[in-house]
Amino acid sequence: MSVNNRTELLRKIKEEIITLKKSPLYAERVKNKVFPVIGEGSHNSQIMFVGEAPGKNEAATGRPFCGASGKILDELLDSAGIKRQDVYVTNIVKDRPPFNRDPLPEEIRVYGPFLDRQIEIIQPAVIATLGRFSMDYVMRKFSLEHLLQPISKMHGKVFEAETSYGKIKIVPLYHPAVAVYNANSKDELKKDFQVLKEFN
Ligand code: URA
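Count along the sequence shown from 1, add 80, and you get the number used in our numbering.
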């Protein structure tokens, strides 16, 4: 698929989410005059990062990982020699859950199909999940639920799966926010990110 086609299909997703009145988070978005966060980066990236849901800064700007967690993500990418503009970054849930609470199953059910379409459009060689919600969703999506364990056992490992467009690798990673609250965990995160170097 050409980059132009990809961009057009991604724009369609954006339009659908902007008017997604059936989402439990739609009314909150309108009330707070904030934005959905669709995703950002290269439309023909080999690496797709999937976070959880937008936080305050993300909803205010419409851009993924642009607050404290984003700063850590940039540092982790840098440590692996990966440029942010060369990868695609998105979340499962595209609107901010109130008070940054965990996404609810109903929210994941509503927004999950948009992530599925983003994967089909961008066709990454590797999906790096950030945090347990996206790990859970992506592993299940590719029928790898039998391999699911707590993220403390999964992080940094590489799993293989089949997609409609060929093979894909899934790399569960800790959410960068872990390092916002515990600076010591940054070294472990950096170590895990080295796994992504070969896909860059
Ligand atoms: N946390 C996420 O999971 N996603 C963002 O975009 C920002 C913070």
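Glycine residues also receive a C-beta, built at the ideal position from the N, C-alpha and C atoms. What you are looking at is a predicted structure, and each value in this text was computed from that prediction instead of being measured.
Would DSSP call I162 helix, strand or coil? Counting from one through the sequence shown, the residue named residue 162 turns up at place 82. Shown here, I162 sits in coil according to DSSP, grouped into three states, outside any helix or strand.
Can you determine whether any heavy atom of ligand 1 sits closer than 6 Å to the C-beta of E138, and answer yes or no? By one-based count along the sequence shown, residue 138 stands at place 58. It does: the Cβ of E138 is within 6 Å (strictly closer) of some heavy atom of ligand 1.
When we look at the beta-carbon of K209 and count the other beta-carbons within 10 Å, is it buried (16 or more) or exposed? Looking up residue 209 in the sequence shown gives position 129. For the sequence presented, residue 209 should be read as Thr rather than Lys. The residue in question, T209, is buried, as its Cβ has 16 or more Cβ neighbours within 10 Å.
V275: which of I202, N84, P252 sits nearest, CA to CA? Along the sequence shown, read from residue 1 onward, the residue named residue 275 stands at position 195. Ranked by Cα distance from V275, the first of I202, N84, P252 is P252.
Locate the alpha helix (DSSP H) running through V258, then write down its first and last residues. Start at 1 with the first residue of the sequence shown, and residue 258 comes out as number 178. Element bounds for V258: 257-261.
Any heavy atom of ligand 1 within a distance shorter than 6 Å of the CB on P134? For the purposes of this step, residue 134 is taken as residue 54 along the sequence shown, with counting starting at 1. Yes, the Cβ of P134 comes within 6 Å of a heavy atom of ligand 1.
Residue from K266, T170, D175, A205 whose Cα sits closest to the Cα of F239: Position 159 of the sequence shown, counted from the first residue, corresponds to residue 239. F239 has its Cα closest to that of A205, out of K266, T170, D175, A205.
Would you give the residue range spanned by the beta strand (DSSP E) that V110 belongs to? Counted from its first residue, the sequence shown places residue 110 at position 30. If you look at V110, you'll find it isn't in any beta strand (DSSP E); it sits in the alpha helix (DSSP H) that goes 106-111.
Just reading off the alpha helix (DSSP H) that A140 is part of, what are its end residues? Against the sequence shown, residue 140 aligns to sequence position 60. Unbroken alpha helix (DSSP H) run through A140: 136-141.
Looking at A139 and V114, is the spacing between their C-beta atoms short of 7 Å? Here residue 114 corresponds to residue number 34 of the sequence shown, with the count starting at 1. Here residue 139 corresponds to residue number 59 of the sequence shown, with the count starting at 1. Taking 7 Å as the cut-off, the Cβ atoms of V114 and A139 count as close.
G119 Cβ short of 6 Å to ligand 1 heavy atom set: Here residue 119 refers to the residue found at position 39 of the sequence shown. Result no, Cβ not under 6 Å from ligand 1.
Determine the closest residue to G135 out of C146, Y106, E268, A259, with distance taken between C-alpha atoms. For this step, residue 135 is matched to residue 55 along the sequence shown. The residue from C146, Y106, E268, A259 with its alpha-carbon nearest to that of G135 is C146.
With DSSP run on the structure shown, which of helix, strand or coil describes Y313? With the chain running from 81 to 280 in the structure shown, residue 313 is simply not present.
Should I162 and I188 be called a contact, given that it needs their Cβ atoms to be closer than 7 Å? As a first step, residue 162 is located in the sequence shown; it is residue number 82 there, counting from the start. As a first step, residue 188 is located in the sequence shown; it is residue number 108 there, counting from the start. Their beta carbons are not under 7 Å apart, which means I162 does not touch I188 by this criterion.
Can you tell which of L157, I152, R109 has the C-alpha that lies nearest to the C-alpha of T141? For this step, residue 141 is matched to residue 61 along the sequence shown. Of the candidates L157, I152, R109, the one whose C-alpha sits nearest the C-alpha of T141 is R109.
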